[in-house]
Amino acid sequence: GESVGLHLPTLSVQEGDNSIINCAYSNSASDYFIWYKQESGKGPQFIIDIRSNMDKRQGQRVTVLLNKTVKHLSLQIAATQPGDSAVYFCADFTQGGSEKLVFGKGMKLTVNP
Amino acid sequence: DAMVIQNPRYQVTQFGKPVTLSCSQTLNHNVMYWYQQKSSQAPKLLFHYYDKDFNNEADTPDNFQSRRPNTSFCFLDIRSPGLGDAAMYLCATSRGTGGQYFGPGTRLTVT
């Protein structure tokens, strides 16, 4: 079946470093991708999204890169802070499909002070 | 601020005792979703409403039901909770164009 997955289950970084979280997807028809941040005991929080007609999108301290050739998505966090510690999920959506997101497995980011 | 609200945040129920979780939204989104999330796992979609149209996932047990009386509210009913139903239950909304906005979740404990 179609799936969206993450390469690494855990990532530990030092405060101030840049973090990169990777995600592979398999549905070539996917046209919209989202990154969510989920802190312990809370619901997923929308971070940034990107549509398939783009290869890069920047937000505040975050950048999402999309490589459709290899079906790869990444989230870059600049100057990582302790407050960035959370589980990060990528998710995939197909416009005109079932209105459903396909979530990756999640990757836990730990920022050490 | 526009938001997705879930009540209660924590719910304890007894094995087999029906329980209802509620979700409300001020975003005026036409799609509402219910997810189940267990520890260290991604959210698992149970069902969703596109306006009044109910869409059940094939692997959602019959024990789980939902109601959407109006655009703003959606309920999750668990008819006979089992120990395996203990989880975080997340409500989300969208305009149907992709981005979903999640509520804070309800942590269900089954004793």
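Taken in sequence, the protein lines are chains A and B. All you need for the working numbering is the position in the first sequence, starting with 1, plus 210. All you need for the working numbering is the position in the second sequence, starting with 1, plus 1252. Idealized CB from N, CA, C, for every residue including glycine.
- prompt: For the beta strand (DSSP E) that Val321 of chain A lies in, which residues bound it at each end?
  reply: The count along the first sequence starts at 1 and reaches residue 321 of chain A at position 111. Bounds of the beta strand (DSSP E) holding Val321 of chain A are Met317 to Asn322.
query: Do you know offhand how far Ser1346 of chain B's Cα is from Lys1269 of chain B's?
result: By one-based count along the second sequence, residue 1346 of chain B stands at place 94. By one-based count along the second sequence, residue 1269 of chain B stands at place 17. Approximately 31 Å between the Cα atoms of the pair.
task: Give a yes or no on whether 8 Å exceeds the smallest Cβ distance from Asp1311 of chain B to chain A.
output: In the second sequence, residue 1311 of chain B corresponds to position 59, counting from 1. It does not: the Cβ of Asp1311 of chain B has no partner Cβ on chain A nearer than 8 Å.
query: Out of curiosity, what's the CA-to-CA distance linking Lys315 of chain A and Asn277 of chain A?
result: As a working note, residue 315 of chain A is residue 105 in the first sequence. As a working note, residue 277 of chain A is residue 67 in the first sequence. Their Cα atoms are separated by approximately 19 Å.
field: Coarse secondary structure for Asp1337 of chain B, derived from DSSP in three states
entry: For this step, residue 1337 of chain B is matched to residue 85 along the second sequence. It is helical.
- prompt: Looking only at C-alpha atoms, which of A:Phe243, A:Leu311, A:Arg271 and A:Gln305 sits nearest to Gly293 of chain A?
  reply: Working through the first sequence from its first residue, we reach residue 293 of chain A at position 83. Taking only the C-alpha atoms, the option nearest Gly293 of chain A is A:Arg271.
message: Does the CB of Phe1354 of chain B have a neighbour CB from chain A at under 8 Å?
response: The count along the second sequence starts at 1 and reaches residue 1354 of chain B at position 102. Using beta-carbon distances, Phe1354 of chain B counts as an interface residue toward chain A, with a partner under 8 Å.
- prompt: Is Trp245 of chain A closer than 8 Å to Glu257 of chain A when the C-beta atoms are compared?
  reply: Residue 257 of chain A sits at position 47 when you count from the first residue of the first sequence. Residue 245 of chain A sits at position 35 when you count from the first residue of the first sequence. Glu is not the amino acid found at residue 257 of chain A; the sequence shown has Ile there. In this structure, Ile257 of chain A sits near Trp245 of chain A, with a CB-CB distance shorter than 8 Å.
- request: Could you name the residues of chain A that His1300 of chain B contacts, counting a contact when the two beta carbons are closer than 8 Å?
  value: Here the question's residue 1300 of chain B lines up with position 48 in the second sequence. Listed by position along chain A, the residues whose Cβ is nearer than 8 Å to that of His1300 of chain B are Glu309 and Lys310.
Contact under 8 Å by Cβ, Gln1258 of chain B with Gly1357 of chain B: Walking along the second sequence from the start, residue 1258 of chain B turns up at place 6. Walking along the second sequence from the start, residue 1357 of chain B turns up at place 105. It is a contact, given that the beta carbons lie within the stated cut-off.
task: To the nearest angstrom, report how far apart Gln1263 of chain B and Ala1339 of chain B are at their CA atoms.
output: Counted from its first residue, the second sequence places residue 1263 of chain B at position 11. Counted from its first residue, the second sequence places residue 1339 of chain B at position 87. One C-alpha to the other measures close to 10 Å.
field: Test item: CB-CB of Asp1299 of chain B and Trp1286 of chain B under 8 Å
entry: On the second sequence, position 47 is the one that residue 1299 of chain B refers to. On the second sequence, position 34 is the one that residue 1286 of chain B refers to. Before going further, note that residue 1299 of chain B is Phe rather than Asp in the sequence given. It is a contact, given that the beta carbons lie within the stated cut-off.
message: Here's the rule I'm using: 16 or more other beta-carbon atoms within 10 Å means buried, otherwise exposed. How should Val280 of chain A be labelled?
response: For the purposes of this step, residue 280 of chain A is identified with residue 70 of the first sequence, where counting begins at 1. Under this definition Val280 of chain A is an exposed residue.
query: In chain order, what residues of the same chain lie with their CB nearer than 6 Å to the CB of Asp1221 of chain B, ignoring the 5 residues before and after it?
result: Since the first residue of chain B shown is 1253 and the last is 1363, residue 1221 of chain B is not available in this structure.
query: How far does the beta strand (DSSP E) with Val297 of chain A in it reach, from first residue to last?
result: Here residue 297 of chain A corresponds to residue number 87 of the first sequence, with the count starting at 1. Segment Ala296 to Phe303, the beta strand (DSSP E) holding Val297 of chain A.
- prompt: When Cβ atoms are compared, which residues of the segment 242 to 257 of chain A fall closer than 9 Å to chain B?
  reply: Tyr242, Phe243, Ile244, Tyr246, Gln248, Gly251, Lys252, Gly253, Pro254, Gln255 and Phe256
message: For a cutoff of 8 Å on Cβ pairs, would you count Val1283 of chain B as touching chain D?
response: This model lacks chain D altogether; the protein chains it does include are A and B.
field: Local Cβ density within 10 Å of His217 of chain A, reported as buried at 16 or more and exposed below that
entry: As a first step, residue 217 of chain A is located in the first sequence; it is residue number 7 there, counting from the start. Note that His217 of chain A scores a pLDDT of 47, beneath 50, so its modelled location is shaky and nothing firm can be said.
- request: Output, in chain order, the set of chain A residues within a Cβ distance shorter than 7 Å of Ala1370 of chain B.
  value: For residue 1370 of chain B there is no data in the structure shown, the boundaries of chain B being 1253 and 1363.
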